[in-house]
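Each position in the sequence shown, counted from 1, maps to that position plus 28 in this note's numbering.
These notes concern the structure reproduced below.
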Amino acid sequence: MTALKKGGLEGRLMEFVPPNKRSEEYFRSAFEEKGLAEVVKLHMAQACQEAKRDLQLHLEEELADGRPVKDIVADVRDIAQKHLIPEQEVITLVWTTVMNVAEWNKKEELVAEQALKHLQKYTPLFAAFTSTAKSEMALTLKIQEYCYENMNFMKIFQKIILLFYKTNVISEEVVMKWYKDGHSVKGKMMFLEQMKKFVEWLQSAEEESESGEEDD
29 MTALKKGGLE GRLMEFVPPN KRSEEYFRSA FEEKGLAEVV KLHMAQACQE
79 AKRDLQLHLE EELADGRPVK DIVADVRDIA QKHLIPEQEV ITLVWTTVMN
129 VAEWNKKEEL VAEQALKHLQ KYTPLFAAFT STAKSEMALT LKIQEYCYEN
179 MNFMKIFQKI ILLFYKTNVI SEEVVMKWYK DGHSVKGKMM FLEQMKKFVE
229 WLQSAEEESE SGEEDD
């Protein structure tokens, strides 16, 4: 394995297979038969990285061309399924790409409105790739990281999460999980403070709902 990496061959493993037999299925079975499962793992990891780069480039082009969101969703889903890219990785690529295609205002006070308008347009795209709590949490953490690393976005983390909550991209359960112990350390205190009132509102709404059910 070390020799392959030193030789820069980890991205060219398929070249060891005869040209007429170059398929993922043949590669996997041929190398596993020889007891080289680690080589298969290395190849799959490398192929997944390349597929993710290709997916991001494809998504950038489609967003720049202004294609309908439903068509973009179908294309991204096809590529992800073909290359076995997990949904929680797809959603972080979607976030990064959607944010990269915008030309953000240099004035912090104008960024909030611009960002929410931009993201609102693509909520169906985000919703399509947050079908599990794991994907929702991956997106929430990616937003936290982005807002921490981009100064003009630091004050609007809560507004973005609220938008995604209202549009069924991120669920109440994931918001609560993030707040309790799912957050990262990046800007932790500031973002928890931003989210405090929203979380308290969610908790009180849940308590009211529970007491209403008891009354029934």
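Every residue, glycine too, gets a C-beta built ideally from N, C-alpha and C.
Rounded Cβ spacing between residue i and residue j (contact assumed at less than 8 Å)
| i | j | result |
| --- | --- | --- |
| Val129 | Glu88 | 6 Å |
| Phe226 | Gln186 | 6 Å |
| Leu147 | Ala108 | Leu147 to Ala108, Cβ: 21 Å. No contact. |
| Ile198 | Thr158 | 7 Å |
| Thr120 | Ala166 | 6 Å |
| Met223 | Ile189 | 7 Å |
| Val14 | Leu230 | No answer is possible for residue 14: it lies beyond the span of the chain, which begins at 29 and ends at 244. |
| Ala143 | Ile100 | Not quite, the Cβ-Cβ distance comes to about 19 Å (not below 8 Å), so this is no contact. |
Residue i, buried or exposed, once every other Cβ within 10 Å from all chains shown has been counted against 16
| i | result |
| --- | --- |
| Ala156 | buried |
| Glu177 | exposed |
| Glu236 | exposed |
| Glu164 | buried |
| Gln116 | buried |
| Lys145 | exposed |
| Lys170 | buried |
Closest residue to residue i among the options (Cα-Cα distance)
| i | options | result |
| --- | --- | --- |
| Ser232 | Lys149, Leu167, Arg105, Glu200 | Glu200 |
| Val139 | Ser159, Leu91, Asn180 | Asn180 |
| Glu90 | Ala79, Asp103, Arg81 | Asp103 |
| Phe154 | Lys183, Trp132, Met127, Lys134 | Met127 |
| Tyr150 | Met217, Gly210, Leu191 | Leu191 |
| Val213 | Thr125, Thr195, Tyr174 | Tyr174 |
| Glu228 | Thr124, Tyr207, Leu169, Asn133 | Tyr207 |
| Met182 | Tyr193, Asp209, Lys216 | Lys216 |
| Pro96 | Asn133, Thr124, Glu131, Pro152 | Pro152 |
| Gln77 | Asp106, Val118, Glu137, Lys194 | Val118 |
| Thr124 | Thr195, Pro114, Arg81, Lys205 | Arg81 |
| Ala79 | Lys98, Asp106, Gly94 | Asp106 |
| Gly210 | Tyr193, Asn196, Thr195, Thr168 | Thr168 |
Reduced DSSP category for residue i - H, G, I as helix; E, B as strand; rest coil
| i | result |
| --- | --- |
| Asn178 | coil |
| Phe157 | coil |
| Glu131 | coil |
| Leu230 | helix |
| Asp103 | helix |
| Val197 | coil |
| Asp209 | helix |
| Leu91 | helix |
| Arg50 | Note that Arg50 has pLDDT 49, beneath the 50 cutoff, so the model's placement of it is unreliable and the number below is only indicative. Arg50 falls in the coil class under three-state DSSP. |
| Pro114 | coil |
| Pro96 | coil |
| Lys214 | coil |
| Lys225 | helix |
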